[in-house]
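A.B. asks:
Residue numbers (my numbering): 12 to 416.
1. Can you name, in chain order, every residue of its own chain whose Cβ lies under 8 Å from the Cβ of residue 319, other than the five neighbours on each side?
2. DSSP state of residue 361, grouped into three classes?
3. Going by DSSP, what residue range makes up the alpha helix (DSSP H) through residue 321?
4. Would you give the residue range spanned by the alpha helix (DSSP H) that residue 163 belongs to?
5. Return the CA-CA distance between residue 292 and residue 53, expressed in angstroms with no decimal places.
6. Grab me the residues of residue 321's own chain with a C-beta within less than 6 Å of its C-beta, minus the 5 sequence neighbours each way, in chain order.
7. Helix, strand or coil for residue 87? Go by DSSP, reduced to three states.
8. Return the CA-CA distance between residue 272 and residue 356, expressed in angstroms with no decimal places.
9. For residue 98, which residues of its own chain have a beta-carbon under 7 Å away from its beta-carbon, when the five flanking residues on both sides are left out?
10. Would the stretch 308 to 318 count as touching the stretch 142 to 162 if we require 3 or more Cβ pairs under 8 Å?
11. Which of helix, strand or coil does DSSP assign to residue 124?
12. Candidates 24, 264, 168 and 278: which alpha carbon is nearest residue 101's?
13. For a test of the three-state rule: what should DSSP assign to residue 344, helix, strand or coil?
14. Can you give the beta carbon distance from residue 85 to residue 260, rounded, assuming they're within the 8 Å contact cut?
15. So, at 8 Å on beta carbons, what are the nonlocal neighbours of residue 401 in its own chain, with the 5 sequence-adjacent residues on each side left out?
16. Thinking residue 81 and residue 255 are a contact (beta carbons under 8 Å), I'd like their distance in whole angstroms, please.
17. Do you know how far the Cα of residue 95 is from the Cα of residue 130?
Listed below in structure tokens is the structure:
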């Protein structure tokens with residue numbers, strides 16, 4: 012009875028605190044993700060006031076948070092849109108992968124983490140935060156801009172890459188042998204491929220089967236189906252998150268619209284719990300020693316994301332200003348970088364503090380980069396032109412004087 016009372020008090024305090032810090036983030040015009048992470052650090056092991064009874068409950072909530080994040084992401088796209096994006100923007104996707112995964116892999120090798128750590132940190136630095144980017148683009152009224160479809164196309168390809176990357180990472184982290192690992196990976200990728208095929212060919216049938224005019228029934232059916240598929244996917248080494256993503260892709264039309272409306276509050280709640288749990292599992296005393304590597308990695312990969320957006324927008328025939336707006340919008344990292352770090356932290360504990368510091372830096376820098384990358388580049392070019400013009404005027408004045416002499 013005493014443990015239950017303590018758990019309710021702690022859980023109530025956590026949820027109330029999340030609401031307050033989320034409101035503070037909104038007033039500051041920031042994503043709440045860094046504040047959620049800081050709250051977890053404050054109340055985790057080594058923090059100011061460690062939680063004693065609710066950590067297990069929060070861990071389950073964190074798992075559900077990851078599943079709902081991927082479900083909602085899948086609901087944003089249809090299988091046809093995914094295939095079309097892959098066909099038209101795969102060169103930009105390849106550039107994105109090479110430019111942004113490579114720094115993470117090299118940093119892990121330089122830090123002595125080995126191939127497994129390199130694979131995990133490459134994923135952390137590779138994928139942008141769809142949630143933060145979508146929110147900032149909406150706030151800046153850029154959804155109708157010419158470069159926005161390019162940005163969304165890059166995000167779609169990154170999400171598809173995660174459907175392949177997460178099973179590979181899970182297999183590597185499991186430490187199984189080459190033969191067994193190949194079989195497990197083959198099963199995982201085959202399952203993901205079959206699910207994507209069913210979503211592409213029979214998505215309407217699936218949507219019709221789960222459709223309901225009763226919001227309560229729709230909520231229960233979709234949530235139950237998502238958790239079931241996520242659990243089966245986890246058993247098949249596909250990753251529960253990928254299973255949830257594929258469920259989201261399979262739903263389309265009015266069902267997808269109604270599901271997004273019903274699940275948005277649940278996603279926000281459990282996603283906040285997920286970020287708090289990641290902070291709880293990270294010792295804050297481990298972060299100061301890795302701040303410099305995390306900052307250097309953040310600076311490098313912010314630049315590589317800007318280059319990615321510039322290249323992708325250039326391929327689409329967009330002008331220089333739109334190219335830099337596209338690059339700046341891709342800088343933010345967030346939820347999926349933390350998901351990857353959470354998977355890898357059991358095998359490579361050193362990745363958690365680096366990933367936490369890295370995400371804290373870029374989830375704060377991302378919205379500023381979205382707003383100011385293009386204006387900053389424009390001002391630099393104007394100053395350069397002004398200096399060149401001034402230099403030309405000086406040369407023009409000197410030449411007549413020399414000829415007169």
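The C-beta atom is built at its ideal place from N, Cα and C for all residues, glycine as well.
If you're wondering where the values come from, they're calculated on a predicted model, not measured in any experiment.
C.D. replies: In brief:
1. 103, 106, 107, 110, 111, 165, 338 and 341
2. coil
3. 302 to 326
4. 159 to 185
5. 11 Å
6. 334 and 338
7. coil
8. 33 Å
9. none
10. no
11. coil
12. 168
13. coil
14. 4 Å
15. none
16. 4 Å
17. 28 Å
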